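Notes to accompany the following structure.
Numbering (our numbering), first residue to last: 1 to 169.
Written as structure tokens, this is what we have:
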């Protein structure tokens, strides 16, 4: 398994070591214990695909996967994830091959300005492994933690539904 270079965020004497697997790579850092997972990923590890929207857990722009479940990274302290497996938008697909949800967002124009897109894709990908009714309304409800200020909801639901249908075939 590849390893991220040990990252050192500027911290005082209270730095706390944390180790986790990030996008398939072992990662070790020393962080201020107040550092959110969002700030850790963006600032300490320079993975800026995960966006900071509201910083209050209300918009979903910062959605990532922790142990396969979707999490608002702005609400979670990085040190709470010692030993966890974390996936950001950068680790969802593979080089040269998009994850089916990423491809569906392209195919169905499930984005406009793009700011919410990574969180929407991560939420949609996690939804594939969660109980959810078959209707568009059920998908809208399951995705309700992710806001799109441009109003691309119809296309987002179409993208998610296309992957769900493809997986059933």
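Just so you know, even glycine gets a beta-carbon here, dropped at the ideal spot from N, CA and C.
Predicted model, so just to flag it, every value in this text is computed and none were measured.
Query - Nearest-angstrom beta carbon gap, residue 160 and residue 139 [assumed within contact, 8 Å] - result: 5 Å
Spatial neighbours of residue 142 within its chain, please: C-beta separation below 6 Å, excluding the five flanking residues on both sides. Only 127, 132 meet the Cβ criterion.
Quick check: the Cα distance between residue 59 and residue 148, rounded to an integer number of angstroms?
8 Å
(Q) Between residue 121 and residue 102, how many whole angstroms is the CB-CB distance? I'm expecting something under 8 Å. (A) 6 Å
task = Please classify residue 109: does DSSP put it in a helix, a strand, or coil?
result = coil
Let me know if residue 65 comes out buried or exposed under the rule of 16 or more other beta-carbons within 10 Å of its beta-carbon.
buried
Of the choices 116, 40, 104, 135, whose alpha-carbon is the least far from that of residue 150? 116
One question on the structure: do residue 41 and residue 31 come within less than 8 Å of each other, judged by their Cβ atoms? Not in contact: residue 41 and residue 31 (Cβ atoms no closer than 8 Å).
Per DSSP, residue 146 forms a beta bridge with which residues?
Answer is none; residue 146 lacks a bridge partner.
Tell me the residue span of the beta strand (DSSP E) that contains residue 30. 25–31
Inset, instruction - Hey, could you find the ends of the alpha helix (DSSP H) residue 36 is sitting in? - result: Taken as a continuous stretch (DSSP letters only), residue 36 belongs to no alpha helix (DSSP H), as it is neither H nor E.
Considering Cα atoms alone, identify which of 83, 158, 89 is closest to residue 70.
89
Could you please give me the residues that DSSP links to residue 65 through a beta bridge?
70, 87
**Request:** Can you have a look at residue 39 and say buried or exposed, based on whether 16 or more other CB atoms are within 10 angstroms of its CB?
**Result:** So residue 39 ends up on the buried side.
> To which residues of the same chain is residue 50 closer than 7 Å at the C-beta, ignoring the five residues directly before and after it?
Replying inline: 38, 41, 42, 62, 64, 73, 88, 89, 118
> By the 10 Å Cβ neighbour count, where 16 or more other Cβ atoms means buried, how is residue 106 classified, buried or exposed?
Replying inline: exposed
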